[in-house]
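Here is the structure we will look at, set down as structure tokens.
Here's what the structure looks like:
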């Protein structure tokens with residue numbers, strides 16, 4: 011049952027969403043969190059999805075991240091239909107194709123940094139030696155190799171976020187999916203993280219960043235704005251900056 | 006699998022206090038099952054031993070002799086001689102209430118009884134000095150006696166010195182011809198196991214008030230013929246007494262049977278009570294595992310987001326519960342084995358832990374780990390990663 015591995019190249023369509031709806035029942039009311047979202051993201055892009063709280067951006071992120079499946083519509087991730095997947099297949103595709111970066115870092119407090127970075131590799135059944143080596147390499151990449159055996163709580167917020175980026179990159183995923191990655195950081199540290207994202211993007215990584223903050227959103231190269239479950243802006247950053255500017 | 010084991014060890018180790026308390030329930034449960042079952046077993050084999058030493062092939066007969074109707078020793082012996090295919094030994098037993106004297110020393114609690122020459126073999130006693138009552142002593146109604154260890158030592162310091170000495174029984178002089186080996190190694194006291202004196206039954210009848218032996222002990226060739234032997238005796242004695250209330254026949258093997266069934270019922274009951282404590286321990290394991298799942302909801306969410314399949318999460322938690330109860334089980338077995346030996350020694354019986362109790366209680370603790378770990382693990386595995394990530 012292992013999901014087939016498709017080699018994707020820069021410019022290939024990675025995320026292909028067609029008329030995605032996600033409906034929740036809250037009491038007697040139906041809530042349309044996503045109401046007909048159609049979106050394509052290609053390999054090598056750096057996209058921010060921006061929206062206010064309650065706009066449906068978190069629901070969209072959950073669907074993109076294969077944490078949730080749409081009520082209707084079609085979502086192809088690397089050509090595979092996520093809507094048809096079983097729990098196990100969803101777990102496998104998350105493991106193989108997506109690296110998550112969370113607002114609260116979400117490192118496991120009882121594991122040291124190296125073990126934290128190893129986790130996705132562990133679930134990919136990689137053997138111990140290769141796992142250690144690759145995890146160490148990722149820690150080097152974020153400049154924290156010297157703290158490999160420290161515990162997460164011995165680190166600053168910015169450092170923890172770098173570890174979580176290392177963890178997200180460890181499995182060499184097609185997509186780096188960041189949910190408010192700077193939400194818990196001060197502006198200076200936020201800047202460092204965003205610069206790091208840009209560097210990663212320059213190296214060819216596809217990044218989707220969810221944020222409520224326009225000033226963060228414009229750090230990406232393309233902006234998708236979502237309001238009331240619908241996309242009402244999709245274009246490059248310069249155009250978005252102009253739209254935001256015009257409103258003030 | 007190996008990975009889940011490592012994770013489980015890590016989790017148990019990082020919650021030492023909690024894991025210890027969870028295990029404690031299992032430890033106590035397993036230990037109590039082992040202690041109770043071992044003690045009951047030890048006690049049972051102790052009882053069996055003492056019964057066997059009395060002779061499981063023996064049948065005792067008590068008679069109520071009336072002047073008009075009674076069984077004489079001669080009648081009993083001729084009955085015995087007719088049925089040597091079933092009976093191997095027989096002795097009349099006359100209990101005499103008597104005082105033993107040696108000069109100014111006297112013993113009043115000594116059980117004095119008149120027996121036949123076969124009695125010592127039926128009792129499986131050994132002599133430390135001298136000889137036992139012989140057939141010619143019986144025929145010649147000799148005034149001889151065999152002393153138990155207590156009176157021999159009391160009167161003559163050692164059983165060896167006793168042989169050839171004179172003891173006065175209710176005023177009559179008896180020559181000591183032998184002394185029996187010490188039976189009770191822990192206590193030696195007046196009226197105890199070793200305080201007895203045997204006379205030829207032919208001599209003893211003169212000391213007794215009735216003049217006719219009122220109790221006999223038969224030994225059968227084999228325990229399998231016990232029922233036939235009891236039937237034969239009943240028919241024979243009914244012929245003489247014409248009333249079944251005037252005699253009473255007790256087969257040792259029957260008593261042994263009822264003792265056995267009583268003990269095994271008791272063992273089952275005590276084992277059951279101890280089993281309940283194991284069950285309670287299992288509920289404890291489930292409780293802690295549920296707490297553990299709730300507490301680690303966020304962790305489960307993170308693991309799932311990183312690509313852990315539900316089965317892997319499930320395995321992790323089942324493994325943790327299993328390992329907890331297995332460690333508890335092993336500690337319980339060690340503790341139970343040590344304690345059952347200690348308590349057994351204190352009770353003066355040998356109570357080694359029975360393999361069955363060890364195997365059963367260990368497997369029960371494993372099953373408890375699996376069964377009571379399953380539900381919390383199932384809950385962990387089925388957590389929605391989005392909700393799990395959102396909890397703090």
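Chains as they are written, first to last, in the working numbering: chain A, 11 to 258; chain B, 6 to 397.
The beta carbon of each residue, even a glycine, is placed where N, CA and C say it ideally should be.
**OP:** Along the alpha helix (DSSP H) that carries residue 244(B), what are the first and last residues, could you check?
**Re:** Its alpha helix (DSSP H) spans residues 231-246.
**OP:** Identify every residue that forms a DSSP beta bridge with residue 205(B).
**Re:** The beta-bridge partner set that DSSP reports for residue 205(B) consists of 120(B).
Subject >> Whole-angstrom C-beta distance between residue 43(B) and residue 249(B), which should lie under 8 angstroms >> reply: At roughly 43 angstroms, the Cβ-Cβ gap does not stay under 8 angstroms, so residue 249(B) and residue 43(B) are not in contact.
Subject >> Residues from the segment 31-63 of chain A in contact with chain B, defined by Cβ distance under 8 angstroms >> reply: For the segment 31-63 of chain A, which is checked against every Cβ of chain B, not one residue is closer than 8 angstroms.
Subject >> the segment 62-72 of chain B touching the segment 136-155 of chain B, judged by at least three CB pairs closer than 8 angstroms >> reply: Flag = no, the segment 62-72 of chain B and the segment 136-155 of chain B do not touch.
Original post:
Would DSSP call residue 192(A) helix, strand or coil?
Top reply: Coil, per DSSP.
**OP:** Could you list which residues in chain B have their beta carbon closer than 9 angstroms to that of residue 165(A), in chain order?
**Re:** For a Cβ distance threshold of 9 angstroms, nothing in chain B lies close to residue 165(A): the least Cβ distance comes to about 17 angstroms.
Original post:
Are three or more beta carbon pairs between the segment 17-27 of chain A and the segment 192-209 of chain A nearer than 8 angstroms?
Top reply: For the pair of segments examined, the segment 17-27 of chain A was found not to touch the segment 192-209 of chain A: the number of CB pairs separated by less than 8 angstroms stays below three.
**OP:** Using a threshold of 7 angstroms, state whether the C-beta atoms of residue 126(A) and residue 138(A) are closer than that.
**Re:** For residue 126(A) and residue 138(A), no; Cβs fall outside 7 angstroms.
Subject >> chain B within 7 angstroms of residue 142(A), Cβ atoms only >> reply: No, residue 142(A) lies away from the interface with chain B (no Cβ there is under 7 angstroms from its Cβ).
**OP:** Whole angstroms is fine: what's the gap from residue 111(A)'s alpha carbon to residue 187(A)'s?
**Re:** Each residue's alpha carbon lies about 6 angstroms from the other.
**OP:** Pull up the distance between the alpha-carbon of residue 255(A) and that of residue 312(B), whole angstroms please.
**Re:** Each residue's Cα considered, the two are about 41 angstroms apart.
Original post:
In terms of residue numbering, what span does the beta strand (DSSP E) encompassing residue 240(A) cover?
Top reply: Where residue 240(A) is concerned, the enclosing beta strand (DSSP E) stretches over 240-246.
Subject >> Length of the line joining the Cα atoms of residue 171(A) and residue 156(A) >> reply: Residue 171(A) and residue 156(A): Cα-Cα distance of roughly 16 angstroms.
Original post:
Which of the residues in the segment 313-337 of chain B, read from start to end, lie with their CB under 9 angstroms from any CB of chain A?
Top reply: Within the segment 313-337 of chain B, the qualifying residues are 313, 314, 315, 316, 317.
**OP:** For residue 186(B), name the three-state secondary structure that DSSP assigns.
**Re:** Three-state DSSP puts residue 186(B) in coil, outside helix and strand.
**OP:** Measure the beta-carbon distance from residue 388(B) to residue 310(B) and round it to whole angstroms, keeping in mind my assumption that it falls under 8 angstroms.
**Re:** About 11 angstroms separates the two Cβ atoms, so there is no contact after all.
Original post:
Would residue 318(B) pass as a contact of residue 386(B) if the rule is Cβ separation under 7 angstroms?
Top reply: Yes.
**OP:** Could you tell me the boundaries of the beta strand (DSSP E) in which residue 33(A) lies?
**Re:** Note, residue 33(A): beta strand (DSSP E), 23-36.
**OP:** Determine the contact status of residue 172(B) and residue 179(B), defining contact as a CB-CB distance below 7 angstroms.
**Re:** Result yes, Cβ atoms of residue 172(B) and residue 179(B) sit closer than 7 angstroms.
Original post:
Under a Cβ-count criterion, where at least 16 other Cβ atoms within 10 Å of its own Cβ denotes burial, should residue 11(A) be classed as buried or exposed?
Top reply: No answer about residue 11(A) holds up, because its pLDDT of 43 lies below 50 and its placement is not dependable.
**OP:** State the start and end residues of the unbroken alpha helix (DSSP H) segment that holds residue 72(A).
**Re:** Its alpha helix (DSSP H) spans residues 67-74.
Original post:
Is the shortest distance between the beta-carbon of residue 120(A) and the beta-carbons of chain B less than 7 angstroms?
Top reply: Answer yes: the Cβ-Cβ gap between residue 120(A) and chain B drops below 7 angstroms somewhere.
**OP:** Classify residue 192(A) as buried or exposed, calling it buried when 16 or more other Cβ atoms lie within 10 Å of its own Cβ.
**Re:** Buried.
Original post:
Where does residue 30(B) land, buried or exposed, given buried means 16+ other C-beta within 10 angstroms?
Top reply: Burial call: buried.
**OP:** Examine chain A for any beta-carbon lying closer than 7 angstroms to the beta-carbon of residue 268(B), and answer yes or no.
**Re:** With 7 angstroms as the cut-off, residue 268(B) does not count as an interface residue toward chain A.
Subject >> Rounded separation between residue 42(A) and residue 390(B) - CA only >> reply: Each residue's alpha carbon lies about 21 angstroms from the other.
Subject >> Assigned exposure category for residue 179(A) - 16 Cβ within 10 Å defines buried >> reply: Result: buried.
Original post:
Is the beta carbon of residue 221(B) sitting closer than 7 angstroms to the one on residue 81(B)?
Top reply: The answer is yes: Cβ separation under 7 angstroms.
Original post:
Does the ligand COA have even one heavy atom less than 6 angstroms from the beta-carbon of residue 31(A)?
Top reply: The ligand content of the structure shown is nil, which means the ligand COA is not present either.
Original post:
Whose C-beta lies closer than 7 angstroms to the C-beta of residue 54(A) among residues of the same chain, with five residues either side of it excluded?
Top reply: Hits under 7 angstroms: 20, 21, 214, 216.
Subject >> Limits of the unbroken beta strand (DSSP E) element including residue 253(B) >> reply: Run containing residue 253(B): 252-256, per the beta strand (DSSP E) assignment.
Subject >> Under 8 angstroms from the C-beta of residue 382(B): neighbouring residues of chain A >> reply: Those do not exist, as residue 382(B) stays about 15 angstroms from chain A at its closest Cβ, beyond 8 angstroms.
**OP:** Can you tell me which of the three DSSP states residue 228(A) falls into?
**Re:** Residue 228(A) sits in coil when the DSSP states are folded into three classes, being neither helix nor strand.
Subject >> Close-in-space but distant-in-sequence residues of the same chain around residue 13(B) (CB under 6 angstroms, 5 per side omitted) >> reply: In its chain, beyond the 5 residues on either side, 324, 325, 328 have a beta carbon closer than 6 angstroms to the beta carbon of residue 13(B).
Subject >> Reference residue 145(A); option with closest CA among 166(A), 134(A), 181(A) >> reply: Among 166(A), 134(A), 181(A), the Cα nearest to that of residue 145(A) is on 181(A).
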